[in-house]
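Engineer:
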Amino acid sequence: MSDIFFLVLRRLRTPLILLVSTYAIATLGMTLIPGIDPDGNPWRMSFFHAFYFVSFMGTTIGFGEIPYAFTDAQRAWVLVCIYTSVIAWLYGIGTMLRLVQDETFRNAVAQRAFKLSIQRIHRPFHIICGYGETGQLITRGLSELGIQAVIIDLNSERLHSLELEELAIPAIVLTGDITEPNNLVAAGINHPRCRGVIAVTQDDHTNLQIAVASKLVNPEIAVICRSEIQDEADNMASFGTDAIINPYLTFGRRLSLLSNNPALYRIHNWFINQHSPEHINRRITHQGLPSGNWVICGYGRFGKAVEHYIANTNSPGPDGVTITIVDIDPEAKNAPEGSIQGRGTEAKTLIAAGIERASVIVAASDDDANNLSILITAKQLNKNLISIGRVNKEANHTLFLHSGCDYVMRRSQVVANEVLTNISRPLVSKFLQYSSSLSSSDTEELITKICELTNNGDPVTWRLVIDHDNAPALVRFVDRERSLTVADISHNEALPRTSSIPLLLLRGGMSHLLPSPDMPLKINDEILLCGPRNQTLLAQKLRDNVELVDTLVNNNPHHIPILRWRRRQKEQ
Amino acid sequence: MNLEKVIFAFFIILALSLNFSFFVGEIADPTHHHPYELYAALIVSLICTVMKFGDRTQFGSTVLASSLVVDLLLIAAAVTWGVSSLGQDTTSPATMATVTSLAGGALIANLLSVVLLIIETGQIRK
Numbered sequence: 128m129s130d131i132f133f134l135v136l137r138r139l140r141t142p143l144i145l146l147v148s149t150y151a152i153a154t155l156g157m158t159l160i161p162g163i164d165p166d167g168n169p170w171r172m173s174f175f176h177a178f179y180f181v182s183f184m185g186t187t188i189g190f191g192e193i194p195y196a197f198t199d200a201q202r203a204w205v206l207v208c209i210y211t212s213v214i215a216w217l218y219g220i221g222t223m224l225r226l227v228q229d230e231t232f233r234n235a236v237a238q239r240a241f242k243l244s245i246q247r248i249h250r251p252f253h254i255i256c257g258y259g260e261t262g263q264l265i266t267r268g269l270s271e272l273g274i275q276a277v278i279i280d281l282n283s284e285r286l287h288s289l290e291l292e293e294l295a296i297p298a299i300v301l302t303g304d305i306t307e308p309n310n311l312v313a314a315g316i317n318h319p320r321c322r323g324v325i326a327v328t329q330d331d332h333t334n335l336q337i338a339v340a341s342k343l344v345n346p347e348i349a350v351i352c353r354s355e356i357q358d359e360a361d362n363m364a365s366f367g368t369d370a371i372i373n374p375y376l377t378f379g380r381r382l383s384l385l386s387n388n389p390a391l392y393r394i395h396n397w398f399i400n401q402h403s404p405e406h407i408n409r410r411i412t413h414q415g416l417p418s419g420n421w422v423i424c425g426y427g428r429f430g431k432a433v434e435h436y437i438a439n440t441n442s443p444g445p446d447g448v449t450i451t452i453v454d455i456d457p458e459a460k461n462a463p464e465g466s467i468q469g470r471g472t473e474a475k476t477l478i479a480a481g482i483e484r485a486s487v488i489v490a491a492s493d494d495d496a497n498n499l500s501i502l503i504t505a506k507q508l509n510k511n512l513i514s515i516g517r518v519n520k521e522a523n524h525t526l527f528l529h530s531g532c533d534y535v536m537r538r539s540q541v542v543a544n545e546v547l548t549n550i551s552r553p554l555v556s557k558f559l560q561y562s563s564s565l566s567s568s569d570t571e572e573l574i575t576k577i578c579e580l581t582n583n584g585d586p587v588t589w590r591l592v593i594d595h596d597n598a599p600a601l602v603r604f605v606d607r608e609r610s611l612t613v614a615d616i617s618h619n620e621a622l623p624r625t626s627s628i629p630l631l632l633l634r635g636g637m638s639h640l641l642p643s644p645d646m647p648l649k650i651n652d653e654i655l656l657c658g659p660r661n662q663t664l665l666a667q668k669l670r671d672n673v674e675l676v677d678t679l680v681n682n683n684p685h686h687i688p689i690l691r692w693r694r695r696q697k698e699q
Numbered sequence: 050m051n052l053e054k055v056i057f058a059f060f061i062i063l064a065l066s067l068n069f070s071f072f073v074g075e076i077a078d079p080t081h082h083h084p085y086e087l088y089a090a091l092i093v094s095l096i097c098t099v100m101k102f103g104d105r106t107q108f109g110s111t112v113l114a115s116s117l118v119v120d121l122l123l124i125a126a127a128v129t130w131g132v133s134s135l136g137q138d139t140t141s142p143a144t145m146a147t148v149t150s151l152a153g154g155a156l157i158a159n160l161l162s163v164v165l166l167i168i169e170t171g172q173i174r175k
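Protein chains in written order, with this note's numbering: chain A, 128 to 699; chain B, 50 to 175.
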């Protein structure tokens with residue numbers, strides 16, 4: 128406030144001095160010049176009358192010559208005064224208008240508004256650095272989760288597009304250089320409700336700078352970074368960045384999971400991509416990726432990541448996976464021997480890479496037009512091919528859907544979903560981490576159960592914390608030394624549509640994967656449940672409804688309140 | 050030499066001088082106090098106030114405050130004089146005494162502004 132106020136005052140100095148002087152001289156002149164009253168006697172205007180006259184003259188209201196008609200000398204003076212006062216007013220108003228349009232003034236107003244909205248935040252929030260495609264997806268996801276987002280970006284045009292988004296919780300926006308630590312402080316990194324900083328700019332080095340600055344300014348804060356270059360990622364990890372997300376490695380890991388343990392992949396896919404589902408052919412999610420001959424066109428960071436994961440997790444040879452690399456300059460990029468030189472967009476190169484015998488094609492170059500061309504040409508040469516395409520520019524992803532691509536890799540989506548899972552669903556991250564220890568038969572069984580529950584739809588996860596704030600009714604029940612089991616809160620015959628599947632139970636830092644139904648619950652347990660989308664789960668109903676807990680869990684058969692109460696008393 | 054400083058010092062000392070020249074004289078005697086002097090003192094003080102607008106230094110804001118006090122007192126004096134002499138040609142001694150004493154109050158504040166100005170100048174020398 129004070130900044131804007133002082134700026135206005137400072138700019139208005141000259142016009143105000145001009146106005147005061149004009150009025151002073153005009154008033155003085157009016158009192159000095161003698162007039163003649165109707166009786167012919169000379170008279171002089173008093174200061175009161177003179178100021179009255181000048182006031183309405185200066186604002187061009189013009190009530191006429193009062194109290195008596197003026198003499199010629201007075202009229203001549205009034206003539207001078209009219210023009211000077213009008214000019215003084217015009218100058219003053221002009222300065223005011225120019226000030227409102229002034230860049231400095233607008234910045235001061237915008238910064239003031241930003242500072243106020245940061246101060247007024249009353250819910251947990253995250254600072255998102257960089258509002259690109261990834262930033263946009265994360266902002267939407269956070270808004271759906273009921274988490275406030277504070278966005279900093281240098282590009283004000285991109286931020287303007289945010290105004291068109293219909294977000295449930297409007298994001299707070301600052302146009303500014305993210306690498307300036309002052310902006311991070313202004314965005315509330317020291318605010319008690321700030322939960323974390325998410326650095327998702329295009330540039331790895333910028334993300335690194337943000338991570339360093341955040342950790343120095345507030346070591347407590349969680350920092351999540353997007354990184355595509357291993358060097359920078361190692362650097363980020365060296366000073367305790369909480370999570371580093373590399374879209375290529377993440378996607379490579381998914382592909383390897385998909386080719387080795389498709390059932391587990393399906394579970395990952397469900398729980399990680401809750402916000403924006405990935406485009407993947409249903410057939411692949413059920414059967415996984417085939418072994419055989421893989422052709423990877425483009426040996427850049429993505430191509431290398433895919434090759435690395437696929438080659439490491441599958442045995443080579445006739446039963447395993449053989450990988451053929453196609454790249455425009457295989458030697459410069461250290462491609463393995465036997466790589467084919469070429470873009471892969473023309474049939475000749477693809478045939479040389481053995482596309483007719485191949486099972487999977489990965490279009491991994493950094494050019495969308497080339498990738499599309501590779502996918503279409505490859506499909507023409509081999510109808511049964513499974514195609515995986517990398518989207519570089521988010522706007523082009525619809526083209527990949529039209530091209531019949533089986534699995535579309537969108538960098539920003541991969542990063543956004545990972546970030547959202549990381550910050551909003553800590554139990555899901557834990558579950559996914561431990562789920563790799565599940566045998567494939569257990570995984571299959573879990574999938575069958577989930578599919579039955581959701582009618583083959585996509586499930587959602589929900590976390591229940593058994594404490595006074597989140598589940599008062601359940602805490603009261605457990606406090607009376609009744610046994611509350613996992614089964615009690617996940618399934619009840621009276622309300623079959625609200626059933627859920629317990630995935631993970633966290634007790635005192637120990638995780639119990641797929642807790643058995645008869646496991647008793649304790650206070651401060653955290654439990655991860657999964658159920659159908661758009662359905663209130665039993666646990667959600669029970670957590671703050673004492674009566675419902677009494678009826679369903681305690682098996683109180685009475686309907687009349689007094690009888691219910693008596694029965695409760697008897698039991699105690 | 051800074052022209053802006055010269056102009057500001059000029060106005061602030063002029064305000065004090067004009068204020069004093071109005072104030073000096075028998076307190077209730079209208080012939081000792083001319084309305085033009087009060088008018089000039091008020092206008093100069095207003096200009097001093099505007100000149101200190103937006104000054105964020107400690108000195109600037111104190112001068113602005115004392116200058117606002119001067120404005121307030123002188124405007125009160127002018128309004129008192131104007132309103133009580135409506136419809137009559139002469140000023141009663143009682144009114145004159147009120148106007149003069151208000152101007153005397155303003156004189157103190159003006160004096161303070163000048164003292165502050167001198168202190169600031171002294172600090173710059175060091």
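Backbone N, C-alpha and C define an ideal beta-carbon position, used for all residues, glycine too. Keep in mind that this is a model prediction, so the values were computed, not measured.
By a C-beta neighbour count over all protein chains shown, 10 Å radius and 16 as the cutoff for buried, is M184/A buried or exposed?
Structural biologist: Residue 184/A sits at position 57 when you count from the first residue of the first sequence. M184/A should be labelled buried.
Engineer: Would a check of beta-carbon distances place R233/A closer than 8 Å to chain B?
Structural biologist: On the first sequence, residue 233/A is found 106 positions in, with the first residue counted as 1. Closer than 8 Å: no.
Engineer: Express the C-alpha separation of V164/B and K175/B in angstroms, rounding to a whole number.
Structural biologist: Mapped onto the second sequence, residue 175/B falls at position 126. Mapped onto the second sequence, residue 164/B falls at position 115. Residue placement at K175/B is flagged as unreliable, the pLDDT there being 49, under the threshold of 50; a coordinate-derived value is accordingly withheld.
Engineer: Out of L117/B, S116/B, M100/B and D138/B, point me to the one whose CA is closest to H170/A's CA.
Structural biologist: Position 43 of the first sequence, counted from the start, is the residue given in the question as residue 170/A. The sequence shown places Trp at residue 170/A, not His. Of the candidates L117/B, S116/B, M100/B and D138/B, the one whose C-alpha sits nearest the C-alpha of W170/A is D138/B.
Engineer: Run through DSSP, which three-state label would N683/A get?
Structural biologist: Reading the first sequence from its first residue, position 556 is the one you call residue 683/A. Coil, per DSSP.
Engineer: Using a Cβ-Cβ cut-off of 6 Å (strictly less than) and excluding sequence neighbours within five positions of P642/A, which residues of its own chain qualify?
Structural biologist: The residue labelled residue 642/A in the question sits at position 515 within the first sequence. In chain order, V613, P629 and L632 place their CB closer than 6 Å to the CB of P642/A, counting only its own chain and leaving out the 5 sequence neighbours on each side.
Engineer: Report the start-end ranges of each alpha helix (DSSP H) in the segment 170-221 of chain A that is 4 residues or longer and not cut off at the edges.
Structural biologist: 174-185
Engineer: Would you please state the rounded distance, in angstroms, between the beta carbons of S335/A and N362/A? I believe it to be under 8 Å.
Structural biologist: Residue mapping note: residue 335/A aligns to position 208 of the first sequence, counting from 1. Residue mapping note: residue 362/A aligns to position 235 of the first sequence, counting from 1. Residue identity differs from the one stated: residue 335/A is Leu in this sequence, not Ser. With 8 Å as the limit, L335/A and N362/A qualify as a contact, their Cβ atoms being about 6 Å apart.
Engineer: Could you compute how far the alpha carbon of G471/A sits from the alpha carbon of D456/A?
Structural biologist: Within the first sequence, the letter at position 344 stands for residue 471/A. Within the first sequence, the letter at position 329 stands for residue 456/A. The alpha-carbon atoms of G471/A and D456/A are separated by roughly 12 Å.
Engineer: Express the C-alpha separation of V277/A and G323/A in angstroms, rounding to a whole number.
Structural biologist: Here residue 323/A is taken as the residue at index 196 of the first sequence, counted from 1. Here residue 277/A is taken as the residue at index 150 of the first sequence, counted from 1. So the alpha carbons of these two residues sit roughly 10 Å apart.
Engineer: Would N159/B count as contacting chain A if we go by Cβ distances under 8 Å?
Structural biologist: Counting from 1 along the second sequence, the entry for residue 159/B is found at position 110. Chain A contact via Cβ: absent.
Engineer: Which residues in the same chain have their Cβ closer than 6 Å to the Cβ of R138/A, if we skip the five residues on either side of it in sequence?
Structural biologist: The residue you call residue 138/A lines up with position 11 of the first sequence. These residues qualify, in order along the chain: L226.
Engineer: What does L95/B touch in chain A if you count any residue whose Cβ is under 7 Å from its own?
Structural biologist: In the second sequence, the residue the question calls residue 95/B occupies position 46. Those within 7 Å of L95/B in chain A are V147.
Engineer: Return the chain-ordered ranges of every alpha helix (DSSP H) run that is complete within the segment 630-696 of chain A and spans a minimum of 4 residues.
Structural biologist: 665-669 and 673-679
Engineer: Pull the bridge partners of R537/A from the DSSP assignment, please.
Structural biologist: Taking the first sequence and counting its residues from 1, the one referred to as residue 537/A is at position 410. Beta-bridge pairing links R537/A to V518/A.
Engineer: Taking the straight line between their C-alpha atoms, what separation do you get for D280/A and P251/A?
Structural biologist: Here residue 280/A is taken as the residue at index 153 of the first sequence, counted from 1. Here residue 251/A is taken as the residue at index 124 of the first sequence, counted from 1. Answer to the nearest angstrom: the Cα atoms are 20 Å apart.
Engineer: To the nearest angstrom, how far is the alpha carbon of D652/A from that of H253/A?
Structural biologist: The residue labelled residue 652/A in the question sits at position 525 within the first sequence. The residue labelled residue 253/A in the question sits at position 126 within the first sequence. Distance between the alpha carbons of D652/A and H253/A is about 26 Å.
Engineer: Check whether the segment 229-247 of chain A and the segment 256-268 of chain A are in contact - that is, three or more C-beta pairs closer than 8 Å.
Structural biologist: no
Engineer: Compute the Euclidean distance between the alpha carbons of L578/A and G584/A, then round it to the nearest angstrom.
Structural biologist: To locate residue 578/A, count along the first sequence from 1; it is residue 451. To locate residue 584/A, count along the first sequence from 1; it is residue 457. In the sequence as presented, Leu is not what sits at residue 578/A; that position holds Cys. Cα-Cα distance, rounded: 7 Å.
Engineer: Rounded to a whole number of angstroms, what is the C-alpha to C-alpha distance between S701/A and S627/A?
Structural biologist: Absent from the structure is residue 701/A, since the part of chain A shown begins at 128 and ends at 699.
Engineer: Who are the neighbours of R140/A on chain B, taking C-beta pairs under 8 Å?
Structural biologist: As a position in the first sequence, residue 140/A is number 13, starting the count at 1. Within 8 Å Cβ-Cβ: V99, M100, F102 and G103.
Engineer: Got a sec: which bits of the segment 64-91 of chain B sit with their beta carbon under 7 Å from any beta carbon on chain A, in order along the chain?
Structural biologist: P84 and Y88
Engineer: With L391/A and S563/A assumed to form a contact (beta carbons below 8 Å), what rounded beta-carbon distance in angstroms separates them?
Structural biologist: Residue mapping note: residue 391/A aligns to position 264 of the first sequence, counting from 1. Residue mapping note: residue 563/A aligns to position 436 of the first sequence, counting from 1. Confirmed, about 7 Å.
Engineer: Using a threshold of 8 Å, state whether the C-beta atoms of T451/A and N497/A are closer than that.
Structural biologist: As a first step, residue 451/A must be located in the first sequence, where it is residue number 324. As a first step, residue 497/A must be located in the first sequence, where it is residue number 370. Against a cut-off of 8 Å, the Cβ pair of N497/A and T451/A comes out as no contact.
Engineer: Out of M157/A, Y179/A and G447/A, which one is the CA nearest neighbour of S486/A?
Structural biologist: For this step, residue 486/A is matched to residue 359 along the first sequence. It is G447/A whose Cα lies nearest to the Cα of S486/A.
Engineer: Check whether the segment 192-210 of chain A touches the segment 139-157 of chain A, counting contact only when three or more Cβ pairs, one atom from each stretch, lie closer than 8 Å.
Structural biologist: The segment 192-210 of chain A is in contact with the segment 139-157 of chain A.
Engineer: Check N362/A in the structure and name its three-state DSSP category.
Structural biologist: One-based indexing of the first sequence puts residue 362/A at position 235. Helix.
Engineer: With a Cβ-Cβ cutoff of 8 Å, do R537/A and V518/A count as a contact?
Structural biologist: Walking along the first sequence from the start, residue 537/A turns up at place 410. Walking along the first sequence from the start, residue 518/A turns up at place 391. Yes, Cβ-Cβ distance for R537/A and V518/A is below 8 Å.
Engineer: Taking C-alpha atoms, which residue in S530/A, N282/A and P142/A lies nearest to I214/A?
Structural biologist: Mapped onto the first sequence, residue 214/A falls at position 87. If we check each option's Cα against that of I214/A, P142/A comes out closest.
Engineer: If you follow the alpha helix (DSSP H) that A480/A is in, where does it begin and where does it stop?
Structural biologist: In the first sequence, counting from the first residue as 1, residue 480/A sits at position 353. No alpha helix (DSSP H) contains A480/A, which DSSP labels as neither H nor E.
Engineer: Which runs of the beta strand (DSSP E) spanning at least 3 residues fall entirely within the segment 404-467 of chain A, listed in chain order?
Structural biologist: 419-424 and 448-454
Engineer: If you count every other CB in all the chains shown that lies within 10 Å of the CB of G191/A, and 16 or more means buried, which is it?
Structural biologist: Sequence index remark: in the first sequence, residue 191/A carries index 64 (1-based). With fewer than 16 other Cβ atoms within 10 Å, it is exposed.
Engineer: When you compare the CB of G136/B with every CB in chain A, is at least one pair closer than 8 Å?
Structural biologist: As a first step, residue 136/B is located in the second sequence; it is residue number 87 there, counting from the start. No, no contact with chain A.
Engineer: Identify whether A598/A lies in helix, strand or coil by the three-state DSSP scheme.
Structural biologist: Within the first sequence, the letter at position 471 stands for residue 598/A. DSSP places A598/A in coil when its eight states are reduced to three.
Engineer: Is A151/A close to chain B? Criterion is C-beta to C-beta, closer than 8 Å.
Structural biologist: As a working mapping, residue 151/A is identified with position 24 in the first sequence. Yes, A151/A lies at the interface with chain B (some Cβ there is under 8 Å from its Cβ).
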